[in-house]
Amino acid sequence: MKQFKGRVVTPGEVTAEALVTKEGFNTLASFQMALQFGDKEVKCGDQNNADIHGKSMLRKALCLPQTIGSTTGGLVLYCACAMEKNPACMLFASHIDSLAAAGAVLADVWVDNITMPVIDCLGDEFLNYVKDGMKITVKADGTVEVE
Amino acid sequence: MFLTPEQQAILDGAKGETMAKVMKTLVMYGDAFEAEKLVPITSKYNHLVTSFGLKVMSPVYDLMQQLLDSGVVSDQKFSVDPRPVDKNVPASFLQNFVFKNFMYTKQDFYEKQLDKLGLLDKNAFTCACYLDEVGNKPKKDDVLSWAESSAVVYANSVLGARCNRNSGIIDIMGSIVGFVPYFGLLTDEGRKATWVIKVETTKKPEAQLLGSAIGMKVMEDVPFVVGLDKWIGDELNDAACAYLKDFGAATASNGAVGLYHIENLTPEAKEQGKALIAEGAKEYIIDDAELERVQANYPVIWKNPDAKPKLCFVGCPHLSLEQLKAWTDNVVSALEANGKKKVTIPTVFTAAPGVLEVFNKTEYAQKLKDAGVVTSYICPLMYMNNPLCKTMPVITSSNKLRTYTSARYYTDAQILETITGGKN
């Protein structure tokens, strides 16, 4: 088991299975088909992301460097949360980007009964260490345990 | 974050619970970036990214209704991204059925909401709102609360305005309170380049290919591009602006670029030169081989990679008037050279309603129509955003459309050759 310490963007505690992308996470490209056509597993639709294309994102601990792409990204993430199709948590190796921050904040302020902890600044070592399927535990203070 | 007494009062509920939540959203958003304060928006108009009444986006329309029901709207009028459907664009019976009955069932409802929220006018639907024919063109140093990645990167880079890559919903919330958090591309420090891109090609690089290569390399960083002025000049004329529009859209969608500087061309690069480059900036050299490598590595996800294209989209982001005219000339000449009267693949050129209105008054409009090309105000991305299109071989010269859909990317020259029967 290894521990990493990040910064809390939106708070919460959760345990989930890791889903790892080392490439930038394109929120619109990843979610659009799954949300639009009711994919119960919320499989990633981003053809450019070989790491997670076709893999289920639902209730996973999404480990990523940052998000990229369209500025609908934040509202797509907000919709995913409002529709309970969101990852269990989002764990950023780098500083969070403006689109992901918007989605996380919109969900936190405007969606009732949602807990999707978002932690950033976990460092490159975190993303190098974590692998798909590992058990992730997020603590309220931004500590992330990987085992 | 430091808040003025007025801002603090709004956060504390002086203007109602909904307005307090809007302010809380902006404060939390700013806190994520250690923003020290909120600064006033100074642009005349806003621009929103959300133009589509997708049934699945109900949480967005519910939120907008909360704002309207509470009387929480902006004093600022806005333009918005293109409409997702247009009956002029070729579509099968099944596609039309899906659009009307499953996907865009909220379109009329949402457009009524937009009208109440402050839509500029019924034609203000385009991603290229900054074009003269549309009229939402911010001034240098204006502070904006815009979204739409291609518009934000254009406003920052070509017009010298100041705007972060805001998400949809955040765009209208900033406009409602009249302030945005001060961080990132609003600050002088955040506008410094952390990459130097050296363009060393032997011919003018394709705008959308160059933008793609840079976007994928620098992600959300600010690039300072050297050597491009050799190909597109040192003056922001129509041709250079159109090039930068397409280049920027590719940097923003293939990566997350919100601002770029072009040496000797864009406003801040002209004023400050290499002083804009941050200490320790990384370097990326782009030559012909690198662009070939980038294009060759795009995934082809057509079921049959050798399928004959069934549809071609040009104009994502929307074409400028001069681009429409140039494409018309090129299509007419190529058809003549190939001994054809009309394009051999259904082809749609997309532009802002205001641009199309002017274009349709020119002699070019009839020529383009005679060549069999359809013009439309549609958003190609929204058109293709369904499983029926996933199996449809669509070609495009838009790297943004390629990124988000199954459309296959070709350069402008390759597209021209293909649609005019020079190549099957």
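Same order as they appear, the protein sequences are chains A and B. The opening position of the first sequence corresponds to residue 1 in my numbering, with each subsequent residue numbered one higher. The opening position of the second sequence corresponds to residue 1001 in my numbering, with each subsequent residue numbered one higher. Note that CB positions come from ideal geometry on N, CA and C, so glycine has one too. The structure displayed is predicted, hence computed values, not measured ones.
Alpha carbon of residue i to alpha carbon of residue j, nearest angstrom
i         : j         : result
B/Ile1172 : B/Ala1020 : 15 Å
B/Phe1093 : B/Met1103 : 14 Å
A/Ile136  : A/Gly12   : 13 Å
A/Ala80   : A/Val105  : 13 Å
B/Gly1258 : B/Lys1282 : 18 Å
B/Val1355 : B/Lys1245 : 15 Å
B/Cys987  : B/Thr1328 : No answer is possible for residue 987 of chain B: the residues shown for chain B start at 1001 and end at 1424.
B/Phe1125 : B/Arg1083 : 6 Å
B/Asp1141 : A/Gly38   : 43 Å
B/Glu1206 : A/Val144  : 44 Å
B/Asp1086 : A/Asn128  : 46 Å
A/Ile68   : B/Lys1341 : 42 Å
B/Glu1036 : B/Val1152 : 22 Å
A/Val130  : A/Lys60   : 13 Å
B/Asp1031 : B/Ser1043 : 23 Å
B/Ala1155 : B/Ile1262 : 14 Å
A/Ala82   : A/Gln66   : 22 Å
A/Val138  : A/Val9    : 13 Å
B/His1318 : A/Val14   : 43 Å
B/Asn1101 : B/Met1382 : 15 Å
Proximal residues of chain B, C-beta to C-beta of residue i below 7 Å
i       : result
A/Leu99 : Arg1165 and Ser1167
A/Ala82 : Pro1059
A/Ala61 : What A/Ala61 touches in chain B: nothing, since even the nearest Cβ is about 20 Å away.
A/Leu28 : Tyr1404
Exposure of residue i, with buried meaning 16 or more beta-carbon neighbours within 10 Å
i         : result
B/Glu1148 : buried
B/Asn1164 : buried
B/Ser1333 : exposed
B/Asn1338 : exposed
B/Ala1275 : exposed
B/Phe980  : The question about residue 980 of chain B has no answer here: the residues shown for chain B are numbered 1001 through 1424.
B/Ile1285 : exposed
A/Phe92   : buried
B/Ala1242 : buried
A/Gln3    : exposed
B/Glu1290 : buried
A/Lys85   : buried
A/Thr21   : buried
B/Lys1139 : exposed
B/Pro1005 : exposed
Partners in chain A for residue i, counting only beta-carbon separations shorter than 7 Å
i         : result
B/Met1057 : Cys79
B/Ile1170 : Gly74 and Ala102
B/Tyr1029 : Ala101, Ala102 and Val105
8 Å Cβ cut-off: residues of chain A touching residue i
i         : result
B/Ser1149 : Gly69, Ser70 and Thr71
B/Ala1256 : Gly24, Gln66, Thr67, Ile68, Gly69, Asp97 and Leu99
B/Lys1021 : Val109 and Trp110
B/Thr1025 : Val105, Leu106, Val109 and Trp110
Cross-chain neighbours of residue i in chain A, by beta carbon under 9 Å
i         : result
B/Thr1050 : Thr72 and Leu75
B/Asn1385 : Gln32, Met33 and Gln36
B/Thr1105 : Per Cβ cutoff of 9 Å: no residues; B/Thr1105 is ~12 Å from chain A at best.
Cβ separation of residue i and residue j, assumed to be a contact under 8 Å, to the nearest whole Å
i         : j         : result
A/Gly133  : A/Glu17   : 6 Å
B/Tyr1045 : B/Asn1136 : 5 Å
B/Val1348 : B/Val1089 : 5 Å
B/Glu1034 : B/Phe1183 : 7 Å
A/Ser98   : B/Ser1167 : 7 Å
Using a Cβ distance threshold of 8 Å, determine whether the region 1182 to 1195 of chain B contacts the region 1234 to 1244 of chain B, with at least three qualifying pairs required. no
Please confirm if the region 1209 to 1223 of chain B is in contact with the region 1249 to 1263 of chain B, defined as three or more CB-CB distances below 8 Å between the two stretches. yes
Below 8 Å, how does it come out for the region 1060 to 1076 of chain B and the region 1194 to 1204 of chain B: are there three or more Cβ pairs, yes or no? no
Taking three-plus beta-carbon pairs below 8 Å as touching, is the region 1406 to 1414 of chain B in contact with the region 1298 to 1306 of chain B? yes
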